[in-house]
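K.L.:
597 is the number of the first residue of the sequence shown in the numbering used here; add one for each residue after it.
From the three backbone atoms N, C-alpha and C, an ideal C-beta is built for every residue, glycine too.
This one's a predicted model, so the numbers in the text were calculated from it and none came from an experiment.
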Amino acid sequence: MATDFTSNGNSPLATRRGDRETRGTTTIADTVVATVAGIAVRETQGIYAVGGSASRALGSVRDRVAKSSDPGRGVKVEVGETQAAIDLDVIVEYGEPIADAAKEIRSRVTDAVETMTGLEVVEINISVLDVHLPGSDNERDDEDSGSRSERVR
């Protein structure tokens, strides 16, 4: 079974069996590739979050309003005729070897996108934006509220 693609922002895909083409086309939107890649990244051990702090903050508000989450947050894709290139922004857990995490991300994302879409993943660029320290979310809140009360009365 061969797969043909054409490009116009989305990836219409026609499937052939033997010499006969099936009726119709299947279109894979860029957001589908971003969602598949985002889910694969989030399932990778040692990844604390996907996306930068501004992206996550805006996404958190959007998630509350829409009552759903956006697994494509922090993921940018370019989809061509038969290939896809993916850019990821991640925050890793402290103590996780970053090179190993990047290798695992590339493996998981490539497998997921190629299996689900039939597109060849030619490039995955990973930007490690920060390192998450265990307990730092709670400690920062305590420190911030404590310093405010001492400074402002």
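1) By DSSP, does residue 692 sit in helix, in strand, or in coil?
2) Going by alpha carbons, who is nearest to residue 715 out of 619, 624, 620?
3) Excluding the five sequence neighbours on either side, which residues of its own chain have a C-beta within less than 7 Å of the C-beta of residue 722, listed in chain order?
4) Report the rounded CA-to-CA distance for residue 690 versus residue 635, giving the unit in angstroms.
5) Give the secondary structure of residue 636 by DSSP, where H, G and I count as helix, E and B as strand, and everything else as coil.
6) If you check the beta carbons only, do residue 675 and residue 626 fall under 8 Å apart?
7) What is the rounded straight-line gap between the Cα of residue 630 and the Cα of residue 646?
8) Residue 709 and residue 632 look like a contact to me (Cβ under 8 Å); what is the Cβ gap, rounded to whole Å?
9) Using a 10 Å radius around the Cβ and a threshold of 16 neighbouring Cβ atoms, would you call residue 680 buried or exposed?
10) Given that a residue counts as buried once 16 or more other Cβ atoms are within 10 Å of its Cβ, and exposed if not, what is residue 688?
11) Among the residues of its own chain, which have a CB less than 6 Å from the CB of residue 704, if the five just before and after it don't count?
P.N.:
According to the structure shown:
1) On the sequence shown, position 96 is the one that residue 692 refers to. It is coil, neither helix nor strand.
2) For the purposes of this step, residue 715 is identified with residue 119 of the sequence shown, where counting begins at 1. For residue 715, the nearest C-alpha among the options comes from 624.
3) Walking along the sequence shown from the start, residue 722 turns up at place 126. For residue 722, the CB contacts under 7 Å within the same chain, skipping 5 residues up- and downstream, are 684, 686, 698, 701 in chain order.
4) By 1-based counting over the sequence shown, the position of residue 690 is 94. By 1-based counting over the sequence shown, the position of residue 635 is 39. Taking the straight line from one Cα to the other gives about 21 Å.
5) In the sequence shown, counting from the first residue as 1, residue 636 sits at position 40. It is helical.
6) In the sequence shown, residue 675 corresponds to position 79, counting from 1. In the sequence shown, residue 626 corresponds to position 30, counting from 1. Against a cut-off of 8 Å, the Cβ pair of residue 626 and residue 675 comes out as a contact.
7) Position 34 of the sequence shown, counting from 1, holds the residue named residue 630. Position 50 of the sequence shown, counting from 1, holds the residue named residue 646. Going from the Cα of residue 630 to the Cα of residue 646 covers about 12 Å.
8) As a working note, residue 709 is residue 113 in the sequence shown. As a working note, residue 632 is residue 36 in the sequence shown. About 5 Å; that satisfies the 8 Å criterion.
9) To locate residue 680, count along the sequence shown from 1; it is residue 84. Classification for residue 680: buried.
10) Translated into the one-based positions of the sequence shown, residue 688 becomes position 92. Its Cβ being crowded by 16 or more others within 10 Å, residue 688 is buried.
11) For the purposes of this step, residue 704 is taken as the residue at position 108 of the sequence shown. Hits under 6 Å: 636, 640.
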